[in-house]
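Asker: Positions 1 to 341 (the UniProt record's numbering) are the ones given, in order, by the sequence shown.
Quick one: the structure is below, and I'll ask about it shortly.
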Amino acid sequence: MGKDSVGTIALLPPERPYKKAPPRYDILDDKKLEAVLSAYQSDIPLGMLEEEEDFRISVAGAQEKTALLFVDEQWCIPKGNTPTTHIIKLPIGEIQQANATLDLKDSVENEYLCIELARAMEFAVPNINIIKTNNLKALAVERFDRRWTKDGAGLLRLPQEDICQVFGMPSSIKYESQGGPGIVQIMELLMGSSNALEDRYNFMRFQVFQWLIGATDGHAKNFSIYIDKGGSYRLTPFYDILSAYPLLGGKGLNIRKLKLAMGLKATQGKKYEINKILPRHFLDTAKAVNFSQEDMQKIMSELKDKLPNAIVQVKKELPEDFPMHVSSAIFDNAMKIAARI
1 MGKDSVGTIA LLPPERPYKK APPRYDILDD KKLEAVLSAY QSDIPLGMLE
51 EEEDFRISVA GAQEKTALLF VDEQWCIPKG NTPTTHIIKL PIGEIQQANA
101 TLDLKDSVEN EYLCIELARA MEFAVPNINI IKTNNLKALA VERFDRRWTK
151 DGAGLLRLPQ EDICQVFGMP SSIKYESQGG PGIVQIMELL MGSSNALEDR
201 YNFMRFQVFQ WLIGATDGHA KNFSIYIDKG GSYRLTPFYD ILSAYPLLGG
251 KGLNIRKLKL AMGLKATQGK KYEINKILPR HFLDTAKAVN FSQEDMQKIM
301 SELKDKLPNA IVQVKKELPE DFPMHVSSAI FDNAMKIAAR I
């Protein structure tokens, strides 16, 4: 417990001080890998929001995760102080709500597609792949807070903090509507980034992307900063991207209930509802955070223009057994939203 946490922190007993050493690990064959993954599956995913009128996929609470080491093309369990290289995310499963049945059995493919679409749209995102055993599937996400040494003999931990940690807020208020940080606070924070112009531009660009693909879980814990030498900081790649569009229709959700985690400036208060957001809300938000409205309009036009080709590119690269209802829901609804620009 605590030997391999986010960033550079490692919690060790006093009788075992931290020592630099070559990576140590046990190799997992397919049977052992499945056993490890099975041990982390949960019958009742936790952390879903209680409000019946809102829906945001809370990955950190709803999805069972573990972490493994990938070395020499093999999955391994690290030993001692050896860091992990990948977060392994299992399917969320089916969740019953008062007025809807949320089918998230394909959450692995959903997140895979969303991240690959983000990559095709030229966002910085982690490397990912779907791993399968006889009876299980999972999404392997390469950690961007880890880096191999130049000689390949060791694995380094890179310091980082998510936005809740930056502001000293508990994860229980990660959503803006619950008192957590929103676009205004994060854009102000990024003014102090060592890469401020690019980070602020990319953050606003990503807000538009989340709107397009129905990514409802872009809360403060799903954005992070690297902490560099001397205390300087900069934005990390984007991660934990999941679309709510595959949950629409039938016994699932109505698009009117989908809300972004961070609101946009509106005539009165803030606009969260995906189906009610218009380009002017992004322009008004840009003005409120001292971001060029001209650049904001450029971002929206650029993403609208890039989306069709990005969809074609991602479609070509999807596995043959990829669930079509997931890809169709995300691609079709994203194009409908883009038509508003």
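Idealized CB from N, CA, C, for every residue including glycine.
Going by alpha carbons, who is nearest to PHE123 out of ARG143, GLY249, ILE95 and MET204?
Answerer: When each option's Cα is compared against that of PHE123, the closest is MET204.
Asker: Which two residues bound the contiguous beta strand (DSSP E) that contains GLN74?
Answerer: Its beta strand (DSSP E) spans residues 74–78.
Asker: Tell me whether GLY263 sits in a helix, a strand or coil according to DSSP, three-state version.
Answerer: In the structure shown, GLY263 sits in a strand (DSSP, three-state: E or B).
Asker: Buried or exposed: PRO78, going by 16 or more other Cβ atoms within 10 Å of its Cβ?
Answerer: PRO78 comes out buried.
Asker: Quick check: TYR226 and LEU158, are their CB atoms within less than 8 Å of each other?
Answerer: Contact: yes.
Asker: By Cβ distance, which residues of its chain are closer than 6 Å to ILE255, with the 5 residues on each side in sequence left out?
Answerer: Once the five neighbours on either side are set aside, the close Cβ partners of ILE255 are LEU248 and ASN275.
Asker: Taking THR85 as the reference, give the member of MET335, ASN134, THR285 and PRO23 with the closest Cα.
Answerer: Of MET335, ASN134, THR285 and PRO23, the residue nearest in Cα terms is PRO23.
Asker: Going along the chain, which residues of its own chain have a beta-carbon closer than 7 Å to the beta-carbon of LEU242, five neighbours each way excluded?
Answerer: Excluding residues within five positions, the ones whose Cβ falls inside 7 Å are ILE57, VAL59, SER107, ASN110, GLU111, CYS114, ALA215 and ASP217.
Asker: Quick check on THR267: buried or exposed, where buried means 16 or more other Cβ atoms within 10 Å of its Cβ?
Answerer: With fewer than 16 Cβ atoms within 10 Å of its Cβ, THR267 is classed as exposed.
Asker: Ordered along the chain, which non-local residues of its own chain (more than five positions away) have a Cβ less than 6 Å from that of LYS304?
Answerer: If we look at LYS304 and ignore the five residues flanking it on each side, its Cβ neighbours are ALA338 and ILE341.
Asker: Looking only at C-alpha atoms, which of ALA100, LYS105, ILE88 and ILE87 sits nearest to GLU94?
Answerer: Among ALA100, LYS105, ILE88 and ILE87, the Cα nearest to that of GLU94 is on LYS105.
Asker: Which residue spans inside the stretch 182–213 form an unbroken alpha helix (DSSP H) run of at least 4?
Answerer: The qualifying runs are 183–190 and 196–213.
Asker: In terms of residue numbering, what span does the alpha helix (DSSP H) encompassing LEU303 cover?
Answerer: Looking at the DSSP string, the run of the alpha helix (DSSP H) that includes LEU303 is 293–317.
Asker: Using 8 Å as the threshold, is the C-beta distance between GLY180 and LYS174 below it?
Answerer: The answer is yes: Cβ separation under 8 Å.
Asker: Do three or more CB pairs link the stretch 309–328 to the stretch 188–203 at distances below 8 Å?
Answerer: Output reads no: the stretch 188–203 does not touch the stretch 309–328.
Asker: Round the Cβ separation of ASP162 and PHE206 to the nearest angstrom and send it over; I've been treating them as touching at under 8 Å.
Answerer: Rounded, the Cβ-Cβ distance is 15 Å, inconsistent with contact.
Asker: Please classify residue 344 as buried or exposed, where buried requires at least 16 neighbouring CB atoms within 10 angstroms.
Answerer: The question about residue 344 has no answer, for the chain in this structure spans 1 to 341.
Asker: Within 10 Å of its beta-carbon, does LEU152 have 16 or more other beta-carbons around it, so buried, or fewer, so exposed?
Answerer: Strictly speaking, residue 152 in this sequence is Gly, with Leu absent from that position. So GLY152 counts as exposed.
Asker: Between the Cα of PRO170 and those of VAL36, ALA220, GLY269 and ASN202, spot the shortest distance and give me the residue it belongs to.
Answerer: Considering only alpha carbons, the answer is ALA220.
Asker: Based on Cα-Cα distance, which residue from TRP75, GLY192 and VAL326 lies nearest to SER232?
Answerer: SER232 has its Cα closest to that of GLY192, out of TRP75, GLY192 and VAL326.
Asker: When we look at the beta-carbon of GLN293 and count the other beta-carbons within 10 Å, is it buried (16 or more) or exposed?
Answerer: The residue in question, GLN293, is exposed, as its Cβ has fewer than 16 Cβ neighbours within 10 Å.
Asker: Per the DSSP calculation, PHE70 is bridged to which residue(s)?
Answerer: The partner list for PHE70 (beta bridge, DSSP) reads TRP75.
Asker: Grab the span of the beta strand (DSSP E) containing ASP240 for me, first residue to last.
Answerer: Per DSSP, ASP240 belongs to no beta strand (DSSP E) and is neither H nor E.
Asker: For VAL314 versus LEU117, is the C-beta spacing smaller than 8 Å?
Answerer: For VAL314 and LEU117, yes; Cβs fall inside 8 Å.
Asker: Please check the pair PRO91 and LYS137, which I expect to be a contact at CB under 8 Å, by giving their CB distance rounded to whole angstroms.
Answerer: Right, their Cβ atoms sit about 7 Å apart.
Asker: Of the residues PRO126, GLY252 and ASN135, which one's Cα is nearest the Cα of VAL141?
Answerer: Cα-wise, what sits closest to VAL141 is PRO126.
Asker: If distances are taken between C-alpha atoms only, which option among PRO279, VAL289 and ALA196 comes closest to LEU235?
Answerer: If we check each option's Cα against that of LEU235, ALA196 comes out closest.
Asker: Could you name the residues that DSSP lists as bridge partners for ALA140?
Answerer: DSSP output for ALA140 lists ILE88 and ASN129 as bridge partner(s).
Asker: Measuring CB to CB, does VAL289 end up less than 8 Å from ILE183?
Answerer: Yes, the pair counts as a contact, with Cβ atoms nearer than the cut-off.
Asker: Could you please give the first and the last residue of the uninterrupted alpha helix (DSSP H) stretch that includes ASP162?
Answerer: Unbroken run through ASP162 is the beta strand (DSSP E), 160–162; no alpha helix (DSSP H).
Asker: For the alpha helix (DSSP H) containing ILE327, list its first residue and its last residue.
Answerer: Checking the sequence shown, residue 327 turns out to be Ser, not Ile. Residues 324–338.
Asker: Just confirm the distance between the C-beta atoms of ILE27 and GLN74, as a whole number of angstroms; I'd bet it's less than 8 Å.
Answerer: At roughly 5 Å, the Cβ-Cβ gap stays under 8 Å, so ILE27 and GLN74 are in contact.
Asker: With a 10 Å radius around its C-beta and 16 neighbouring C-beta atoms as the bar for buried, classify PRO45 as buried or exposed.
Answerer: Bear in mind that a pLDDT of 33 at PRO45, under 50, signals an unreliable position, so the number given afterwards is only what the model happens to contain. Per the 10 Å Cβ criterion, buried.
Asker: My output table needs one value for LEU156: the three-state DSSP class, helix, strand or coil.
Answerer: Three-state DSSP puts LEU156 in a strand.
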